[in-house]
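Residue numbers (our numbering): 46 to 214.
Cβ atoms here follow ideal geometry from the backbone N, Cα and C, with glycine treated the same way.
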(Lines of atoms letter the chains of each structure in order from A and count residues from 1; the text may use other names and numbers.)
(Lines give C-alpha, C1' and ligand atoms only; values in the text may rest on other atoms or scores of the structure.)
Protein backbone atom coordinates (compact mmCIF):
# COMPACT_ATOMS: atom_id res chain seq x y z
CA UNK A 1 0.00 0.00 0.00
CA UNK A 2 1.12 3.58 -0.61
CA UNK A 3 2.67 5.74 2.09
CA UNK A 4 0.93 8.91 3.21
CA UNK A 5 3.93 10.90 1.86
CA UNK A 6 2.80 10.08 -1.69
CA UNK A 7 -0.67 11.55 -1.21
CA UNK A 8 -1.54 14.88 -2.81
CA UNK A 9 -4.50 17.06 -1.78
CA UNK A 10 -6.08 19.08 -4.62
CA UNK A 11 -9.21 21.22 -4.70
CA UNK A 12 -12.13 19.23 -6.10
CA UNK A 13 -12.55 20.03 -9.78
CA UNK A 14 -16.18 20.33 -10.83
CA UNK A 15 -17.58 19.34 -13.24
CA UNK A 16 -14.48 17.34 -14.26
CA UNK A 17 -14.57 14.99 -11.27
CA UNK A 18 -18.28 15.25 -10.46
CA UNK A 19 -18.99 11.54 -10.94
CA UNK A 20 -16.24 10.49 -8.53
CA UNK A 21 -17.25 13.18 -6.05
CA UNK A 22 -20.88 12.03 -6.02
CA UNK A 23 -19.87 8.37 -5.82
CA UNK A 24 -17.72 9.05 -2.74
CA UNK A 25 -20.44 11.09 -1.03
CA UNK A 26 -23.07 8.42 -1.70
CA UNK A 27 -20.78 5.70 -0.34
CA UNK A 28 -20.22 7.78 2.80
CA UNK A 29 -23.97 7.55 3.42
CA UNK A 30 -23.87 3.78 2.95
CA UNK A 31 -20.95 3.53 5.41
CA UNK A 32 -22.77 5.69 7.95
CA UNK A 33 -26.40 4.67 7.59
CA UNK A 34 -26.45 1.41 5.63
CA UNK A 35 -27.98 3.04 2.53
CA UNK A 36 -27.79 6.24 0.50
CA UNK A 37 -31.53 6.96 0.88
CA UNK A 38 -30.80 10.20 2.78
CA UNK A 39 -28.47 11.48 0.04
CA UNK A 40 -30.19 14.58 -1.32
CA UNK A 41 -29.54 13.95 -4.99
CA UNK A 42 -26.72 14.60 -7.41
CA UNK A 43 -27.59 18.09 -8.65
CA UNK A 44 -28.49 19.43 -5.21
CA UNK A 45 -25.25 18.10 -3.76
CA UNK A 46 -23.07 19.38 -6.62
CA UNK A 47 -24.66 22.84 -6.38
CA UNK A 48 -24.04 22.95 -2.63
CA UNK A 49 -20.48 21.73 -3.10
CA UNK A 50 -19.67 24.23 -5.88
CA UNK A 51 -20.73 27.06 -3.56
CA UNK A 52 -18.60 25.67 -0.74
CA UNK A 53 -15.57 25.21 -3.01
CA UNK A 54 -15.86 28.86 -4.09
CA UNK A 55 -15.67 29.94 -0.43
CA UNK A 56 -13.11 27.40 0.88
CA UNK A 57 -11.23 25.77 -2.02
CA UNK A 58 -8.54 24.22 0.20
CA UNK A 59 -11.26 22.80 2.43
CA UNK A 60 -12.83 20.72 -0.35
CA UNK A 61 -10.21 18.42 -1.75
CA UNK A 62 -9.68 15.14 -3.45
CA UNK A 63 -6.90 12.95 -2.15
CA UNK A 64 -4.71 11.69 -4.97
CA UNK A 65 -2.34 8.73 -5.02
CA UNK A 66 -0.48 9.20 -8.29
CA UNK A 67 -3.15 9.65 -10.95
CA UNK A 68 -5.93 8.04 -8.91
CA UNK A 69 -8.39 9.79 -6.61
CA UNK A 70 -8.59 7.73 -3.42
CA UNK A 71 -10.31 10.10 -1.02
CA UNK A 72 -12.21 13.28 -0.35
CA UNK A 73 -12.42 15.88 2.43
CA UNK A 74 -15.10 18.56 2.84
CA UNK A 75 -14.67 21.16 5.60
CA UNK A 76 -15.04 24.84 6.40
CA UNK A 77 -14.89 27.45 9.11
CA UNK A 78 -18.27 28.27 10.57
CA UNK A 79 -19.39 31.73 9.41
CA UNK A 80 -21.04 32.41 12.79
CA UNK A 81 -17.99 31.16 14.74
CA UNK A 82 -14.77 31.73 12.76
CA UNK A 83 -12.74 30.14 15.57
CA UNK A 84 -14.59 26.87 14.97
CA UNK A 85 -14.29 24.53 12.02
CA UNK A 86 -16.61 21.81 10.86
CA UNK A 87 -15.67 18.71 8.88
CA UNK A 88 -18.50 17.47 6.68
CA UNK A 89 -16.68 14.52 5.15
CA UNK A 90 -13.59 12.36 5.53
CA UNK A 91 -13.62 9.66 2.88
CA UNK A 92 -11.18 6.99 1.69
CA UNK A 93 -12.05 4.39 -0.93
CA UNK A 94 -12.53 0.93 0.62
CA UNK A 95 -9.30 -0.47 -0.87
CA UNK A 96 -7.25 2.16 1.00
CA UNK A 97 -8.93 1.91 4.40
CA UNK A 98 -7.08 0.28 7.27
CA UNK A 99 -3.62 1.03 5.87
CA UNK A 100 -2.74 4.09 7.95
CA UNK A 101 -3.70 6.66 5.32
CA UNK A 102 -6.46 8.20 7.43
CA UNK A 103 -3.75 9.92 9.43
CA UNK A 104 -2.72 11.96 6.39
CA UNK A 105 -6.32 13.13 5.84
CA UNK A 106 -6.67 13.92 9.54
CA UNK A 107 -3.41 15.89 9.56
CA UNK A 108 -4.41 17.85 6.44
CA UNK A 109 -7.75 18.79 8.02
CA UNK A 110 -6.20 19.88 11.31
CA UNK A 111 -3.52 21.91 9.51
CA UNK A 112 -6.25 23.59 7.44
CA UNK A 113 -8.02 24.58 10.65
CA UNK A 114 -4.93 25.64 12.61
CA UNK A 115 -3.57 28.03 9.99
CA UNK A 116 -6.99 29.67 9.92
CA UNK A 117 -6.88 30.06 13.72
CA UNK A 118 -9.68 27.67 14.52
CA UNK A 119 -9.56 26.72 18.19
CA UNK A 120 -11.83 23.73 17.90
CA UNK A 121 -13.23 21.47 15.22
CA UNK A 122 -16.44 19.48 15.17
CA UNK A 123 -17.85 16.74 12.99
CA UNK A 124 -20.84 14.44 13.00
CA UNK A 125 -20.57 10.67 12.99
CA UNK A 126 -23.14 7.91 12.96
CA UNK A 127 -22.71 5.52 15.85
CA UNK A 128 -23.37 2.72 13.37
CA UNK A 129 -20.13 3.67 11.60
CA UNK A 130 -18.09 1.95 14.29
CA UNK A 131 -14.81 2.12 12.39
CA UNK A 132 -14.99 5.91 11.99
CA UNK A 133 -16.15 6.47 15.56
CA UNK A 134 -13.29 4.36 16.94
CA UNK A 135 -10.78 6.26 14.79
CA UNK A 136 -11.95 9.66 16.02
CA UNK A 137 -12.01 8.67 19.67
CA UNK A 138 -8.52 7.15 19.35
CA UNK A 139 -7.29 10.48 17.95
CA UNK A 140 -8.59 12.62 20.80
CA UNK A 141 -12.05 13.61 19.59
CA UNK A 142 -14.65 13.90 22.36
CA UNK A 143 -18.16 12.62 21.94
CA UNK A 144 -20.58 15.45 22.75
CA UNK A 145 -23.59 13.20 22.37
CA UNK A 146 -26.45 12.81 19.96
CA UNK A 147 -27.58 15.52 17.60
CA UNK A 148 -31.23 16.29 17.23
CA UNK A 149 -33.35 14.75 15.73
CA UNK A 150 -31.38 11.62 14.77
CA UNK A 151 -30.02 10.31 18.05
CA UNK A 152 -27.72 7.87 16.24
CA UNK A 153 -25.67 10.79 14.89
CA UNK A 154 -23.27 12.20 17.46
CA UNK A 155 -21.34 15.46 17.47
CA UNK A 156 -17.62 15.02 18.10
CA UNK A 157 -15.27 17.83 19.04
CA UNK A 158 -11.51 18.27 19.01
CA UNK A 159 -9.78 21.17 20.74
CA UNK A 160 -6.82 22.65 18.85
CA UNK A 161 -4.48 24.04 21.49
CA UNK A 162 -1.67 24.85 19.05
CA UNK A 163 -2.65 27.21 16.25
CA UNK A 164 0.78 26.80 14.68
CA UNK A 165 2.34 28.98 12.03
CA UNK A 166 2.21 26.46 9.24
CA UNK A 167 1.71 27.31 5.61
CA UNK A 168 -1.95 27.13 4.66
CA UNK A 169 -3.05 24.07 2.72
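Tell me which residue opens and which closes the alpha helix (DSSP H) that residue i is part of.
i           : result
residue 155 : 147-160
residue 65  : 63-78
Would you mind sorting residue i into buried or exposed? The rule is 16 or more other CB atoms within 10 Å of its CB.
i           : result
residue 58  : exposed
residue 163 : buried
residue 186 : buried
residue 159 : buried
residue 70  : buried
residue 150 : buried
residue 204 : exposed
residue 166 : buried
residue 184 : exposed
residue 99  : exposed
residue 66  : buried
residue 170 : buried
May I ask you to report which of helix, strand or coil DSSP gives residue i?
i           : result
residue 182 : helix
residue 187 : strand
residue 83  : coil
Do residue i and residue j have their C-beta atoms closer together than 9 Å?
i           : j           : result
residue 143 : residue 121 : no
residue 191 : residue 200 : yes
residue 90  : residue 118 : no
Residue i lies in the beta strand (DSSP E); which residues open and close that run?
i           : result
residue 55  : 52-56
residue 171 : 165-171
residue 204 : 198-204
Write down every uninterrupted run of the alpha helix (DSSP H) in the segment 87-144 whose length is 4 residues or greater and which is fully enclosed by it, in chain order. 87-100
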